[in-house]
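The structure appears right after this line, and notes come after that.
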Amino acid sequence: MDAQREIQTLIRRWVDAVDRADLEGVLADHTDDIVMFDVPPPHAGHRGMAEYRAAWPEFLAWQAGGARFELTELEVTAGKDVAFAHALLRCGPPEWYEAEPGKRLRLTFGLRREDRRWRIAHEHHSFVHPSP
Numbered sequence: 001m002d003a004q005r006e007i008q009t010l011i012r013r014w015v016d017a018v019d020r021a022d023l024e025g026v027l028a029d030h031t032d033d034i035v036m037f038d039v040p041p042p043h044a045g046h047r048g049m050a051e052y053r054a055a056w057p058e059f060l061a062w063q064a065g066g067a068r069f070e071l072t073e074l075e076v077t078a079g080k081d082v083a084f085a086h087a088l089l090r091c092g093p094p095e096w097y098e099a100e101p102g103k104r105l106r107l108t109f110g111l112r113r114e115d116r117r118w119r120i121a122h123e124h125h126s127f128v129h130p131s132p
């Protein structure tokens with residue numbers, strides 16, 4: 001499998017884990033020194049696996065209450081040992097998307113190859129609200 005396809009598969013697996021509120025699946029395929037800039041504070045980000053892990057339970061509990069985490073676009077650019085990807089998702093309960101059909105969560109990933117496997121080293125999450 002080529003790098004681009006491997007990374008697409010990894011990200012789709014991560015999206016599926018978030019959608020199912022599966023913490024261990026969310027944590028899989030990340031580096032120990034992961035940096036995540038998320039929508040809620042702290043705006044300086046979460047650094048390292050312990051902080052990354054601690055950031056997820058509250059969101060996943062909300063997610064399990066009926067929200068969706070659904071990939072709508074994914075682009076990957078991969079080199080030999082580093083790659084980046086950007087994606088758009090629907091993230092929220094169905095009523096959000098009835099009110100704002102174009103609302104999307106933006107994701108940017110930085111990845112690196114470690115021990116012949118791709119791992120996510122950086123995530124950046126932000127919301128885009130469609131213009132009226």
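Just so we're aligned: 119 in full-length UniProt numbering is position 119 of the sequence shown, and the numbers increase by one with no gaps anywhere. We treat Cβ as the ideally placed atom computed from N, Cα and C, and that holds for glycine. Everything numeric in this text was worked out from a predicted model, so none of it was measured.
C-beta atoms of residue i and residue j nearer than 7 angstroms
i: residue 46; j: residue 120; result: no
i: residue 73; j: residue 87; result: yes
i: residue 49; j: residue 32; result: yes
i: residue 106; j: residue 126; result: yes
i: residue 104; j: residue 128; result: yes
i: residue 78; j: residue 11; result: no
i: residue 36; j: residue 123; result: yes
Where residue i falls: helix, strand or coil (DSSP)
i: residue 98; result: helix
i: residue 56; result: coil
i: residue 16; result: helix
i: residue 78; result: strand
i: residue 92; result: strand
i: residue 39; result: coil
i: residue 5; result: helix
i: residue 44; result: coil
i: residue 83; result: strand
Integer Cβ distance of residue i from residue j, believed to fall under 8 angstroms
i: residue 114; j: residue 90; result: Rounded, the Cβ-Cβ distance is 31 angstroms, inconsistent with contact.
i: residue 68; j: residue 19; result: 7 angstroms
Burial state of residue i, where buried means 16 or more other Cβ atoms lie within 10 Å
i: residue 5; result: exposed
i: residue 92; result: buried
i: residue 14; result: buried
i: residue 85; result: buried
i: residue 2; result: exposed
i: residue 62; result: exposed
i: residue 39; result: exposed
For residue i: DSSP bridge partner residues
i: residue 21; result: Paired residue(s): none; residue 21 is not in a bridge.
i: residue 71; result: 89
i: residue 120; result: 30, 111
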